[in-house]
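S.K.:
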Amino acid sequence: MPAAPQHEEYLEGLASAVRRVAHPLTGNWADFDPLVRMVGDARYVLIGEASHGTQEFYRTRALITQRLITEKGFTSVCAEADWPDAYRINRYVRGTGDGATSLEALSAFQRFPAWMWRNTVVLDFVGWLRQHNEGSGQTTRHVGFYGLDLYSLYDSIDAVIRYLEQVDPDAAARARERYACFESLGKDAQTYGMLSGYARRDACEDAVVKQLVEMQSRAADYARRDGILAEDEYFYATQNARIARNAEEYYRAMYHGRMNTWNLRDRHMADTLDALVAYLDETRGEQTKVVVWAHNSHLGDARATEMSQHGELNLGQLVRERHGDGARLIGFTTYTGSVTAADDWDEPARCKRVRPGMAGSYEALFHLVDMPNFLLPLREPRLERAIGVIYRPETERYSHYFYSQLPSQFDAVLHLDETRSLEPLEQTSQWEAEEVPETYPSAL
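Numbering (my numbering), first residue to last: 11 to 454.
1. For the beta strand (DSSP E) containing residue 350, name the first residue and the last one.
2. In angstroms with no decimal places, state the Cα-to-Cα distance between residue 63 and residue 179.
3. Could you please give me the residues that DSSP links to residue 434 through a beta bridge?
4. If you draw a straight line from the C-alpha of residue 220 to the C-alpha of residue 214, how long is it?
5. On the DSSP bridge list, what partners appear for residue 95?
6. Identify which residue in 185, 33 and 383 has its Cα closest to the Cα of residue 426.
7. According to the neighbour-count rule (16 or more other Cβ atoms, all chains shown, within 10 Å of its Cβ), is residue 122 buried or exposed?
8. Using the three-state DSSP reduction, which class does residue 390 fall into: helix, strand or coil?
9. With a threshold of 16 other CB atoms inside 10 Å of the CB of residue 117, please say whether the residue is buried or exposed.
10. Alpha carbon to alpha carbon, how far is residue 386 from residue 34? Give it in angstroms, no decimals.
11. Nearest CA to the CA of residue 51: which residue from 195, 277, 83 and 321?
12. Does the Cβ of residue 355 have 16 or more other Cβ atoms within 10 Å, making it buried, or fewer, making it exposed?
13. Quick one: is residue 256 buried, meaning 16 or more other Cβ sit within 10 Å of its Cβ, or exposed?
14. Identify whether residue 278 lies in helix, strand or coil by the three-state DSSP scheme.
15. Can you give me the C-alpha to C-alpha distance between residue 314 and residue 423, rounded to a whole angstrom?
16. Taking a contact to mean a Cβ-Cβ separation below 8 angstroms, would you say residue 166 touches residue 253 in this structure?
17. Please classify residue 39 as buried or exposed, where buried requires at least 16 other C-beta atoms within 10 Å of its C-beta.
18. In this structure, how does DSSP classify residue 155 when only helix, strand and coil are distinguished?
19. Check residue 122 in the structure and name its three-state DSSP category.
20. Give me the Cα-Cα distance between residue 103 and residue 142, rounded to the nearest whole angstrom.
21. Following the continuous beta strand (DSSP E) through residue 362, name the residue where it begins and the one where it ends.
22. Look at the alpha carbon of residue 29 and the alpha carbon of residue 160, and state the distance between them as a whole number of angstroms.
23. What residues are listed by DSSP as bridge partners for residue 88?
24. Which residues in the same chain as residue 273 place their Cβ atom closer than 7 angstroms to its Cβ, once the five residues preceding and following it in sequence are excluded?
25. Which partner residues of residue 383 appear in the DSSP bridge assignment?
26. Under the three-state reduction of DSSP, which class applies to residue 56: helix, strand or coil?
27. Could you check the C-alpha separation between residue 296 and residue 287 for me, to the nearest Å?
28. Can you tell me whether residue 369 is buried or exposed? The criterion is at least 16 other CB atoms within 10 Å of its CB, across all chains shown.
29. Shortest alpha-carbon distance to residue 298 belongs to which of 73, 154 and 362?
30. Quick one: measure Cβ to Cβ for residue 177 and residue 232, integer angstroms, because I've assumed they're closer than 8 angstroms.
31. Look up residue 34 in the DSSP assignment and give the residues it is bridged to.
32. For residue 352, tell me which candidate among 130, 86 and 363 has the shortest Cα-Cα distance.
33. If we ignore side chains and look at the alpha-carbon of each, how far apart do residue 390 and residue 197 end up?
34. Could you spell out where the alpha helix (DSSP H) holding residue 333 opens and where it closes?
35. Output needed for residue 347: all residues of its chain with C-beta closer than 7 angstroms, excluding positions within five of it in sequence on either side, in chain order.
36. Along the chain, where does the alpha helix (DSSP H) containing residue 112 start, and where does it finish?
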């Protein structure tokens with residue numbers, strides 16, 4: 011049934027209001043001038059994405075980050091990625107790793123969804139970051155790349171042991187003995203989570219806590235040996251011990267319902283961000299300014315969405331609560347196009363068509379603005395779409411939409427009306443076989 015005339019007039023009125031304040035994005039470097047001005051003196055700029063598989067979201071976010079680095083003095087990029095995997099990139103871009111190419115710097119990203127970081131946009135950005143650091147002339151001004159997530163239980167355990175084998179073999183032996191409890195409860199984190207309920211629940215919990223406490227107590231011994239590089243390696247290893255503790259709790263809670271695992275994960279990311287900034291402030295001798303890359307659902311203030319009705323918080327909310335006006339939250343939306351996503355967890359990446367935004371959504375409203383790409387500065391609830399690493403068009407309304415108050419959720423939103431799927435470095439037959447839109451928008 012066609013929409014009632016009054017409803018059509020109301021929507022056109024809203025679209026006209028957006029059109030009057032929207033800043034068109036034409037593909038020029040200067041398009042982001044209003045956004046850079048909005049950042050002002052903020053130390054935390056959180057830049058989201060409405061999916062984990064859209065080329066334009068990734069490319070535009072990288073361009074904005076480059077401007078913040080070159081014009082605003084930002085020196086850290088933190089991503090919704092695992093700490094040990096991202097730290098390989100950090101070593102490469104700062105010239106302290108053994109990898110010779112940007113491609114090798116991305117080699118640690120092997121687990122699902124690998125395409126989130128093993129893609130053409132991140133590859134180019136890592137190369138740019140290495141060149142930027144080489145031309146900076148000051149090691150203390152090198153821009154780092156870090157992960158905030160906690161999925162790397164076993165990799166973080168291995169990293170702790172490797173570090174201790176180099177600086178304190180006796181401590182390494184104690185760490186191996188403590189972490190040995192995981193060997194009897196599966197070879198991967200999800201298996202550990204399932205089996206932990208049938209074993210003594212606190213067996214590995216005690217072990218990861220004791221190991222973290224010992225690492226923290228030896229800070230003076232480990233971190234001051236050979237200057238700032240040794241301090242970095244100690245901080246990296248201690249963060250891995252912290253991940254092992256939090257990841258153990260996360261996977262145990264996932265299968266036994268002891269707490270909200272979403273909240274546990276986002277608190278971990280917020281705490282990791284704060285710990286990293288405090289460390290960099292101390293060792294670099296100046297206030298750190300950081301860009302954060304993650305999904306809209308993590309970075310848009312949860313208090314402005316229906317997430318809060320379910321008792322859920324997120325990274326964006328916590329950063330605003332902890333740092334106030336020192337934070338800027340930037341989101342993305344799209345109306346239609348294609349996306350790289352899977353049908354289910356741990357399944358192959360596919361290039362999938364994105365259905366047009368549903369009636370009553372911000373995406374549908376922004377489409378009526380009749381401006382292909384625009385920046386909307388922000389300061390009546392509608393639907394908002396979120397596509398993660400999984401996309402199920404057949405259940406889109408229930409699995410990918412939620413109500414939000416966009417002006418309270420973000421400080422600004424970039425709407426790219428038609429977008430295309432992120433290009434993985436490894437394009438499988440499943441990805442290439444999927445139908446994609448016949449036309450693509452011009453890239454930003």
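Glycine is no exception: its CB is placed at the ideal position from the N, C-alpha and C atoms.
M.R.: Taking the structure as given:
1. Here the beta strand (DSSP E) through residue 350 covers 337-351.
2. Their backbone Cα atoms lie some 43 angstroms apart in a straight line.
3. Looking at the DSSP output, residue 434 bridges to 129.
4. If I take the Cα positions, the gap works out to 10 angstroms.
5. DSSP output for residue 95 lists no bridge partner at all.
6. Residue nearest to residue 426 within the set 185, 33 and 383 is 383 (criterion: CA-CA distance).
7. By the 10 Å Cβ count, residue 122 comes out exposed.
8. No answer about residue 390 holds up, because its pLDDT of 49 lies below 50 and its placement is not dependable.
9. A residue is called buried when at least 16 other Cβ atoms come within 10 angstroms of its Cβ; residue 117 does not meet this threshold and is exposed.
10. Distance between the alpha carbons of residue 34 and residue 386 is about 9 angstroms.
11. For the options 195, 277, 83 and 321, the alpha carbon positioned closest to that of residue 51 is the one of 83.
12. Counting Cβ neighbours within 10 Å, residue 355 comes out exposed, since fewer than 16 surround it.
13. Buried is the call here.
14. Here residue 278 sits in helix by DSSP.
15. One C-alpha to the other measures close to 14 angstroms.
16. Contact flag set, yes.
17. Under this definition residue 39 is an exposed residue.
18. Residue 155 falls in the strand class under three-state DSSP.
19. Correct three-state label for residue 122: coil.
20. Straight-line Cα distance between these residues: approximately 9 angstroms.
21. Taken as a continuous stretch (DSSP letters only), the beta strand (DSSP E) holding residue 362 covers 360-364.
22. The straight-line gap from Cα to Cα measures roughly 41 angstroms.
23. Per DSSP, 156 and 302.
24. When the five nearest sequence neighbours on each side are left out, the beta carbons in the same chain lying within less than 7 angstroms of the beta carbon of residue 273 are those of 322 and 323, in order along the chain.
25. Answer is 426.
26. The answer is strand: DSSP assigns residue 56 an E or B state.
27. Looking at the backbone, the Cα of residue 296 and that of residue 287 are separated by about 10 angstroms.
28. Here residue 369 is exposed, its C-beta having fewer than 16 other C-beta atoms within 10 Å.
29. Among 73, 154 and 362, the Cα nearest to that of residue 298 is on 154.
30. Yes, they are in contact, since the Cβ atoms of residue 177 and residue 232 sit about 5 angstroms apart, within 8 angstroms.
31. In the DSSP assignment, residue 34 is bridged to 384.
32. Closest by alpha carbon: 363.
33. Only weak support is given to the placement of residue 390: the predicted model assigns it a pLDDT of 49, under 50, and the value that follows is read from those uncertain coordinates. Distance between the alpha carbons of residue 390 and residue 197: 49 angstroms.
34. First-last of the alpha helix (DSSP H) with residue 333: 325-333.
35. Within its own chain, the residues whose Cβ lies closer than 7 angstroms to the Cβ of residue 347, once the five positions on either side in sequence are excluded, are 364, 428, 429, 430 and 447, listed in chain order.
36. Counting along the chain, the alpha helix (DSSP H) containing residue 112 begins and ends at 112-115.
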